[in-house]
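Residue numbers (the numbering used here): 12 to 270. A short worksheet on the structure shown next.
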Ligand SMILES: [Zn+2]
């Protein structure tokens, strides 16, 4: 069950938004990809899944009612989904169902989903997107493989952009900008925070080796930031929360004597 590709149910835990939608689509692409290294992003299945036009990738979301979106994902939607999941895929080897706002499934809907998770049709995969697992039944949770930020490669790209943003903020010497940058990242998952710190260290190394342009930090500051990331990673290993890690970075990225 731990093996990603062999599971039929994933729980994608991330704040709601385009980033999470992108991660869900990317994971769906990985599941239908026919390329050598899924998700290859090049094969027909990947391209369709990423564009949201793959006939075997279905998104389940709250339906529109008379006053905007309904409060919950209701049992009828889940039953329709599981009925559809019994049918053979159209083009891919799998049928993928992305349940957006899975935490909005009411109790009945979750019970209906549970049945599908307990006895899934061989070709069906479910991706439950939620901000947190708290609203999901423990029985539902336990049948899903957790995938924090979606597929690793995509996150790596985003997180290396974030790392560069961090170094640019540090190079600006602008305390307010730097603090704001760090404070805005406090909601990153543990896994992403760890990857972020790793990306900063990689970028620092690249700058020191001349592979990347120095945004104006200088060797001494670069070495200090490298040490700071080391501390951040150490704190993470000791279960310090990401929010506190970014608090540390907000406080320590700029040295008063360097501003
Ligand atoms: Zn592909």
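Heads up, the beta-carbon is just placed ideally off N, CA and C, and yes, glycines get one too. Quick caveat, the model's predicted, so the values are computed rather than measured.
Asked	Found
Any non-hydrogen atom of ligand 1 closer than 7 Å to residue 136 Cβ	no
Sufficient close CB pairs (3 or more, under 8 Å) joining the segment 36 to 44 to the segment 175 to 184	no
Cβ contact (3+ pairs, closer than 8 Å) linking the segment 49 to 57 and the segment 76 to 94	no
Three-state secondary structure assigned by DSSP to residue 120	helix
Contact the segment 213 to 226 vs the segment 242 to 254: 3+ CB pairs below 8 Å	no
CB of residue 84 within 8 Å of CB of residue 118, strictly	no
beta-carbon residue 45 near ligand 1 non-hydrogen atom, thresh 7 Å	yes
Residue closest to residue 104, alpha-carbon to alpha-carbon, out of 198, 39, 27, 185	39
Short Cβ contact (8 Å threshold) for residue 153 with residue 25	no
Contact set for residue 100: own chain, Cβ-Cβ below 6 Å, skip 5 residues either direction	67, 106, 134
DSSP bridge partner residues for residue 75 (one or two, in chain order)	80
Residue 50 Cβ short of 7 Å to ligand 1 heavy atom set	yes
Residue 37 classed as buried or exposed, judged by whether at least 16 other C-beta atoms fall within 10 angstroms	buried
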